[in-house]
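Chemist: Residue numbers (numbering that gives the first Met the number 0), protein chains in the order written: chain A, 0 to 251; chain B, 0 to 353. Submitted below is the structure of interest, expressed as structure tokens.
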Amino acid sequence: MKKAVIRNCLHGSEIVVCRNLDDSGRCLSLVKSSTGAEGIRNLKAEFEGYHWYNEALKAPVSVRASDLSRSYFQLEVEFLLGRKPDYLQGLLANADAIEFGIRHYCDIWAPRQAQADRACVHGDISLDNLIISGEQVRLIDWEHFTPDALPVGFDGLYLLFESLWFEIEDMRDPAPAALALIRRGIATLRDAGCLHPSYADAPLRRTVEAIHSRPDIWGEQLQRCHKLPILKWSSQRIAELDRRIAAPPHDQ
Amino acid sequence: MGEPPANQAARNSAARGLVERLRRSGYREDERGIFRSGQEGYWSNLDKEENRRFLESLDRLAPREAIRTSYPQYEGIIFSPKRDAALELLDIKPGETGVDYGCMWGALSVGMSRRGAAVLAMDQTYESLVFLAHRVKDEGLDDIVLAQSDIRQAPLEELADFAVVNGVLEWIPEAGEVELKKFFGKKAGRAAPRRAPEEMQLRFLEQVCRNMKAGGRLLLTIENRYDYSQFIGKRDPHANLWLTSVLPRPLANLISQAALGRPYVNYLYSFPALKNLLLKAGFSRAELYMCFPDYRFPELILPYEGGISGYVPHGPSLAQASWRRKAAVAFERMAMRWLKARFFAPSIAAVAIR
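Printed below as a string of structure tokens:
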């Protein structure tokens, strides 16, 4: 069987990602592996995360772990067919993917974790980690999965705000349509019982505070490579964005 | 979960087998636990005086700290987890025996060991092995066996389940010691090698093949002779001259003699020529892979056959990069994405089966 290494310790991780290919070059599965302590910890968290995720899926994602050596761990994950949104395009260009993503978050979290003060966290629900096929969404890359970690709603809000970051980065003003999309996303989370009340007054600031309250979820990657782009916003900018998200459209 | 005891036992047993085999083959273990054949040589980024001072610092500092203190520019070369990604192509099984030919500071030997193999780390340079011995002790990788030998003359028939020749084949024809700083692109009189460079490389690969069990796998990584970047201003990675890798060998030899006072011997190969060389050396088949941006810190390793469509932009953000770097990256993306110019990929990884 041929392989292709498609990611090698990207974004400061210690994880190598390979594709297992058949003779015609078709991808059969993804193999993630690590020889580093943090990478192995992340892959074990991912295995646990998929296990938790699969309990809520009618068609679970096939995952197999190999822990055969003292300092090497390997995770083989079914190759999921579908489209991966281009996160660099930001919020508005990916409006449908974001709405699918938020609804999927509610489908997975609401039955088990509605209103939970300490809900399970995926830790990296970004557009880049959604695989969309028709109306079916699958979440991948569970490397930062942490059980009972943060108030429910964190990952849904993170998806919205990371997409907003790539839309406006640090300099542009958000378009009214972008703010409306964020408001809709927050309303969907709230209506499904997937938005803890602690986020309500300032959802962006509370999301950033949540990250700072549990840096262990992201380990050294958080410092090493600015993994979570929303941390690049200043507190002033965060307050301004929260104000505009909260303000009714006619006040802007 | 954790390492099954049977795998640990298999690894320990394979390591004991390696030691016995070295003893039977005339190697003598010294006080540092390094097995010595009596053949010595020198190839190092550090010159001998630097190496002497550096090894003294290992009595006070842990290996990584010592490198960070004295030679921070080599920390990534030795310790970066990116270094051993190509080992994934070998599917190493716990308890297998692997040989790292020309292991130097052991970046890949350590990766092989962590994957559960017993490893014979072999190099001509004693100083590099002393460093690796410290690292082995520091990280508890006790199934790495260290041996000093001329890797061109190390017959160990049917010893290995797999082998690694990482950035080594091109140096095989080099006669004499290499202190890289005094050598790379510098004038240094050298006699022509006893045999043609290609023949020396072939003889070495034949021995690597014979040293493997039937069905054994070799991972060989090397720069592509026709790496596209040499056509846009990058110098030959070994002679530090322009276009010597690409030009016909006799012409490259004339240029090297004129510029450096020594023959051109660091032969690189194209994808098809490397495959031919491996088959000629006795391997039954060989799969080729393209490495981007190079084989030492690969971001992408794609099959040469049918894999170029998997090419994607890779590497760190270009926001802070120089215009030269940006132009080179734009050229690569055009060549690989649009023209599918796989023949000119920067580096080669070959997996050859005995």
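Glycine included, every Cβ here is placed at the ideal spot set by N, Cα and C. Computed from a predicted structure; not experimentally measured.
Do you know how far the Cα of residue 290 of chain B is from the Cα of residue 63 of chain B?
Modeler: Along the second sequence, one-based indexing puts residue 63 of chain B at 64. Along the second sequence, one-based indexing puts residue 290 of chain B at 291. About 27 Å.
Chemist: Taking CB distances under 8 Å as the criterion, tell me whether residue 6 of chain B reaches chain A.
Modeler: Here residue 6 of chain B is taken as the residue at index 7 of the second sequence, counted from 1. Yes, residue 6 of chain B lies at the interface with chain A (some Cβ there is under 8 Å from its Cβ).
Chemist: Quick one: Cα of residue 49 of chain B to Cα of residue 66 of chain B, how far?
Modeler: By one-based count along the second sequence, residue 49 of chain B stands at place 50. By one-based count along the second sequence, residue 66 of chain B stands at place 67. Those two C-alpha atoms are separated by around 12 Å.
Chemist: Under a CB-based cut-off of 8 Å, is residue 324 of chain B close to chain A?
Modeler: To locate residue 324 of chain B, count along the second sequence from 1; it is residue 325. False, the Cβ-Cβ gap to chain A never drops below 8 Å.
Chemist: Among residues of its own chain, excluding the 5 on either side of residue 374 of chain B, which ones have a beta-carbon nearer than 6 Å to its beta-carbon?
Modeler: The first residue shown for chain B is 0 and the last is 353, placing residue 374 of chain B beyond what the model contains.
Chemist: Find the nearest neighbour of residue 285 of chain B within the set B:272, B:52, B:297, judged by alpha-carbon distance.
Modeler: Within the second sequence, the letter at position 286 stands for residue 285 of chain B. Nearest of B:272, B:52, B:297 to residue 285 of chain B, Cα basis: B:272.
Chemist: Mind listing which residues of the segment 273–303 of chain B have their C-beta closer than 7 Å to chain A's C-betas, in chain order?
Modeler: Per Cβ criterion, the list reads 286, 297, 298, 299, 300, 301, 302.
Chemist: Residue 284 of chain B bridges to which residues according to DSSP?
Modeler: Numbered from its first residue, the second sequence carries residue 284 of chain B at position 285. Residue 284 of chain B is bridged to B:352.
Chemist: Less than 8 Å between the C-beta atoms of residue 86 of chain B and residue 104 of chain B, yes or no?
Modeler: On the second sequence, position 87 is the one that residue 86 of chain B refers to. On the second sequence, position 105 is the one that residue 104 of chain B refers to. No.
Chemist: Along the chain, where does the beta strand (DSSP E) containing residue 71 of chain A start, and where does it finish?
Modeler: Here residue 71 of chain A refers to the residue found at position 72 when the first sequence is read from its first residue. Per DSSP, residue 71 of chain A belongs to the beta strand (DSSP E) from 71–77.
Chemist: What residue ranges within the segment 68–146 of chain B form continuous alpha helix (DSSP H) runs of no fewer than 4 residues, ordered along the chain?
Modeler: 74–78, 106–113, 125–138, all fully within the segment 68–146 of chain B.
Chemist: Against chain B, does residue 44 of chain A count as a neighbour if the rule is that its beta carbon must be under 8 Å from one of theirs?
Modeler: The sequence position of residue 44 of chain A within the first sequence is 45, counting from 1. So no, residue 44 of chain A is outside the interface.
Chemist: Enumerate, from N- to C-terminal direction, the unbroken alpha helix (DSSP H) stretches of 4 or more residues contained entirely within the segment 213–263 of chain B.
Modeler: Within the segment 213–263 of chain B, the complete alpha helix (DSSP H) runs of at least 4 residues are 248–259.
Chemist: Is the number of C-beta pairs between the segment 159–172 of chain A and the segment 136–146 of chain A that are closer than 8 Å three or more?
Modeler: The segment 159–172 of chain A vs the segment 136–146 of chain A: no contact.
Chemist: Assess contact between the segment 112–128 of chain B and the segment 179–186 of chain B, defined as three or more Cβ pairs (one per stretch) separated by less than 8 Å. Is contact present?
Modeler: No, the segment 112–128 of chain B does not touch the segment 179–186 of chain B.
Chemist: Which first and last residues belong to the alpha helix (DSSP H) in which residue 11 of chain B is found?
Modeler: Stepping through the second sequence from its first residue, residue 11 of chain B is reached at position 12. From DSSP, the alpha helix (DSSP H) with residue 11 of chain B extends over 4–23.
Chemist: Determine the closest residue to residue 65 of chain A out of B:348, B:61, B:209, B:92, with distance taken between C-alpha atoms.
Modeler: Locating residue 65 of chain A in the first sequence gives position 66, where the first residue counts as 1. Minimum Cα distance to residue 65 of chain A is reached at B:92.
Chemist: Quick check: the segment 10–24 of chain B against the segment 191–210 of chain A, are at least 3 beta-carbon pairs closer than 8 Å?
Modeler: These segments do not touch.
Chemist: Taking 8 Å as the threshold (beta carbon to beta carbon), is residue 154 of chain B in contact with chain A?
Modeler: Numbered from its first residue, the second sequence carries residue 154 of chain B at position 155. False, the Cβ-Cβ gap to chain A never drops below 8 Å.
Chemist: What are the boundary residues of the alpha helix (DSSP H) that includes residue 208 of chain B?
Modeler: One-based indexing of the second sequence puts residue 208 of chain B at position 209. Start and end: 196–209.
Chemist: Which one or two residues does DSSP pair with residue 268 of chain B in a beta bridge?
Modeler: Mapped onto the second sequence, residue 268 of chain B falls at position 269. Answer is B:223, bridged to residue 268 of chain B.
Chemist: Buried or exposed for residue 71 of chain B, going by 16 or more other Cβ atoms inside 10 Å?
Modeler: Here residue 71 of chain B refers to the residue found at position 72 of the second sequence. Answer is exposed; the Cβ neighbour count stays below 16.
Chemist: Run down chain B in chain order and give the residues with a C-beta less than 7 Å from the C-beta of residue 35 of chain A.
Modeler: Position 36 of the first sequence holds residue 35 of chain A. Chain B residues near residue 35 of chain A: 80.
Chemist: Checking 8 Å against the spacing of the C-beta atoms, do residue 159 of chain B and residue 96 of chain B come in under that value?
Modeler: As a first step, residue 159 of chain B must be located in the second sequence, where it is residue number 160. As a first step, residue 96 of chain B must be located in the second sequence, where it is residue number 97. The answer is yes: Cβ separation under 8 Å.
Chemist: Pair every Cβ in the segment 6–14 of chain A with every Cβ in the segment 32–49 of chain A, then say whether three or more of these pairs are closer than 8 Å.
Modeler: They touch, by the three-pair rule.
Chemist: Just the chain B side, please: which residues come within less than 8 Å of residue 32 of chain A by C-beta, in chain order?
Modeler: Counting from one through the first sequence, the residue named residue 32 of chain A turns up at place 33. Within 8 Å Cβ-Cβ: 87.
Chemist: Going along chain B, which residues have a C-beta under 7 Å from residue 3 of chain A?
Modeler: Locating residue 3 of chain A in the first sequence gives position 4, where the first residue counts as 1. Within 7 Å Cβ-Cβ: 300, 301, 302, 306, 309.
Chemist: Thinking C-beta only, is residue 110 of chain B closer than 8 Å to residue 83 of chain B?
Modeler: Sequence index remark: in the second sequence, residue 83 of chain B carries index 84 (1-based). Sequence index remark: in the second sequence, residue 110 of chain B carries index 111 (1-based). Yes, Cβ-Cβ distance for residue 83 of chain B and residue 110 of chain B is below 8 Å.
Chemist: One question on the structure: do residue 154 of chain B and residue 206 of chain B come within less than 8 Å of each other, judged by their Cβ atoms?
Modeler: Walking along the second sequence from the start, residue 154 of chain B turns up at place 155. Walking along the second sequence from the start, residue 206 of chain B turns up at place 207. Result yes, Cβ atoms of residue 154 of chain B and residue 206 of chain B sit closer than 8 Å.
Chemist: Apart from the five residues just before and just after residue 41 of chain A, which ones in its own chain have a Cβ nearer than 6 Å to its Cβ?
Modeler: Walking along the first sequence from the start, residue 41 of chain A turns up at place 42. Same-chain partners within the cutoff: 142.
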